[in-house]
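All remarks here apply to the structure that follows.
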Amino acid sequence: MSIVRGRDPQQVKKRSVAKKQQWTLTGVGEFLLTERNPMIRVVRTAFRSLCIWLTKILHCITYVSKKQYRVIRKHQVIKYDMIPLSPLTRQRLGMVRRKTLVLDLDETLIHSHHDGIIRPMVKPGTPPDFILRVNIDKHPVRFFVHCRPHVDYFLSVVSQWYDLVIFTASMEIYGTSVADKLDRGRGMLSRRYFRQHCTMDYGGYTKDLSAIQPDLSSIFILDNSPGAYRKFPENAIPIRSWFSDPADTCLLNLLPFLDALRFASDVRSVLSRNQQLHQPMW
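Mapping of the sequence shown onto the working numbering: position 60 corresponds to residue 48, and the numbering continues sequentially without gaps.
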């Protein structure tokens, strides 16, 4: 057959030997690439494990970086210039009563979500500023709390101008923990009112400001929910609800207005002008 096809048996034999020699030189490399080699399986398993660990490390670095970025951004505050009062201005301020600023918590100063929330308002991967662990109906619940940008600076400034009061429609066990975190032992938020101090009106919680300060000329509330101050529209400063925007500046924008409002003899003479707008000023 080899003669018919024009092939010399000697040449066929030489080619066979050459192929065997070639396999001898390259066969080790080819063999190492086969799945039957246990060494390759070990190397591949180790490589996959390394990739998994590198991915976890990358996620950890990303998480920490985001948290540090938020901390740095919050401390890069556009400071409000608090010019010392002149003797005449100080005398004028002394002629009016020191006022009370009532502060809401959720979506005004902070935003939080707890275990079991399927679609939280916060972008996935955004680290909370702090985590609260409370027992509700004998069940442990974790709250992941995010602070509105500049809230710490805001509180430190307005506490010099007003007596601050926390009034939240949340449960006391939760509201107390949040207020403690915001206060940080400075004694600014010692007066607190919770859900049990609210009244039900039209299916929602309303806050009775007269229970805090009978003189309505010297008390007002900062709240994102109009229903909370339905009975006291002339004693309210509406503010946009906050959930997660890191570029929010509403609290900073309020400072010049609050600085001036403390000189008013009756806050209602100023705040009533916003009633017709039916929208947050800030």
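Just so it is clear, CB atoms sit at the ideal spot from N, CA and C, and this is done for glycine as well. Keep in mind the model is a prediction, meaning the values are calculated, not measured.
With a threshold of 16 other beta carbon atoms within 10 Å, Gly163 meets it and is buried.
With distances taken between CA atoms, Asp103 lies nearest to Val122 out of Val122, Lys67, Asp117. For the options Val84, Asp125, Ile207, the alpha carbon positioned closest to that of Ile154 is the one of Ile207.
Leu152: not part of any alpha helix (DSSP H); member of the beta strand (DSSP E) spanning 151 to 155, first to last residue. For Ile207, the uninterrupted beta strand (DSSP E) run begins and ends at 207 to 211, by DSSP. Taking a C-beta distance under 7 Å as the contact criterion, Thr156 and Leu93 qualify as a contact pair.
Take Phe131, set aside five residues on each side of it, and the residues of its chain with a beta-carbon closer than 6 Å to its own are Ser100, His102, Leu120, in chain order. Val166 and His134 do not touch by the CB rule: their CB atoms are close to 11 Å apart, not below 8 Å. Membership of Asn241 in any beta strand (DSSP E) is not indicated; the residue belongs instead to the alpha helix (DSSP H) covering 238 to 249. In terms of Cβ geometry, Asn212 and Ser229 form a close pair [threshold 7 Å]. At the C-beta level, Ile225 and Val90 stay beyond 7 Å of one another. In this structure, Lys44 sits away from Phe118, with a CB-CB distance that is not shorter than 7 Å.
When DSSP states are grouped into helix, strand and coil, Tyr51 belongs to the helix group.
In the structure shown, the three-state DSSP call for Ser198 is helix.
Membership of Ser229 in any alpha helix (DSSP H) is not indicated, and neither H nor E is assigned to it by DSSP. When DSSP states are grouped into helix, strand and coil, Cys186 belongs to the coil group. Straight through space, the alpha carbons of Leu97 and Ala248 are spaced by roughly 21 Å. A straight line joining the alpha-carbon of Ser144 with that of Pro244 spans about 14 Å. Restricting attention to beta strand (DSSP E) runs no shorter than 3 residues, the stretch 129 to 179 encloses them at 151 to 155, ordered along the chain. By alpha-carbon distance to Leu197, the top candidate from Asp189, Leu177, Lys219, Met83 is Lys219.
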